[in-house]
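Engineer: Count the sequence shown with mature numbering (1 follows the signal peptide of the UniProt record, and there is no 0) and you get residues -26 to -1, 1 to 157, in order.
Idealized CB from N, CA, C, for every residue including glycine.
Input: one structure, supplied below.
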Amino acid sequence: MNKTTKGSLAALAAAALLLGGGGSLAYWQATEDVDGGTITAGQLALDAAACDTAGWTVTNAVEGVTGAPFDVAAEDVVPGDVLTKTCSVAITAEGTNLRADLDVTAAAVGDAAPAMDPSDYTVTGTFLVGGEQVTEITDADDGSTIDATIVVSVPVGTTVDNGSQGTVIDLEAFTITATQVSA
């Protein structure tokens, strides 16, 4: 064995003894617990129970009908009808910097067949909070009420025998949604 190899082996053996308990190589450490408090998650919820009992009205400019009561269980729509339902929705919007977009959609038709093609009608919603029209809510609206207006329009087409005749739109199944968005 040459001198370089012997020196390298001796250095490795010394390092192994120092690190492996044959000597002492100490690192100091200190810890302290820090009280970070607790974090509570906010919440976003809508209570639309009042919408269940709110009635529909119908307007048809061609027929000169404006805001007449419409019984969805007993009456049928025709092209040109605009059905409207207005109801109150309670807002729970807790959380700093919470912001949510509002929307209304028709739910799936389910077993009510034949279903009207979605291209034969439109569903829109408008929302008022404190008398002001809004498209979103924030944490500042917590505890407020949304005055939601749902509008279903069956436009007049140019085809006399269009595919919507005898079809069904389930006017009892709508969803008002508040979807959180980035602030």
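Can the beta-carbon of residue 16 be found closer than 9 Å to that of residue 72?
Structural biologist: yes
Engineer: Taking Cβ to Cβ, would you say residue 151 is nearer than 9 Å to residue 103?
Structural biologist: no
Engineer: Residues in the same chain with beta-carbon distance under 8 Å from residue 84, minus the five sequence neighbours each way, listed in chain order, please.
Structural biologist: Note that residue 84 scores 47 on pLDDT, short of 50, meaning its location in the model is unreliable; the coordinates nonetheless yield the value given after this. Result list for residue 84: 144 and 147, in chain order.
Engineer: Check whether the Cβ atoms of residue 127 and residue 50 sit closer than 9 Å, and answer yes or no.
Structural biologist: Note that the C-beta distance between residue 127 and residue 50 is not below 9 Å.
Engineer: When DSSP labels each residue in this structure, what does residue 127 get in the three-state scheme?
Structural biologist: strand
Engineer: Would you identify the three-state DSSP class for residue 28, choosing helix, strand or coil?
Structural biologist: coil
Engineer: Tell me where the beta strand (DSSP E) around residue 74 begins and ends.
Structural biologist: Here the beta strand (DSSP E) through residue 74 covers 73 to 80.
Engineer: Quick one: any contact between the segment 58 to 69 and the segment 118 to 127, if contact means 3 or more CB pairs under 8 Å?
Structural biologist: yes
Engineer: Quick check on residue -18: buried or exposed, where buried means 16 or more other Cβ atoms within 10 Å of its Cβ?
Structural biologist: exposed
Engineer: Quick one: give me the first and last residue of the beta strand (DSSP E) that residue 65 is part of.
Structural biologist: Boundaries of the beta strand (DSSP E) harbouring residue 65: 56 to 68, taken from the DSSP string.
Engineer: What's the gap between the Cα of residue 114 and the Cα of residue 36?
Structural biologist: 43 Å
Engineer: Is it true that the CB of residue 38 sits closer than 9 Å to the CB of residue 32?
Structural biologist: no
Engineer: Can you give the Cα-Cα distance for residue 117 and residue 29, rounded to whole angstroms?
Structural biologist: 24 Å
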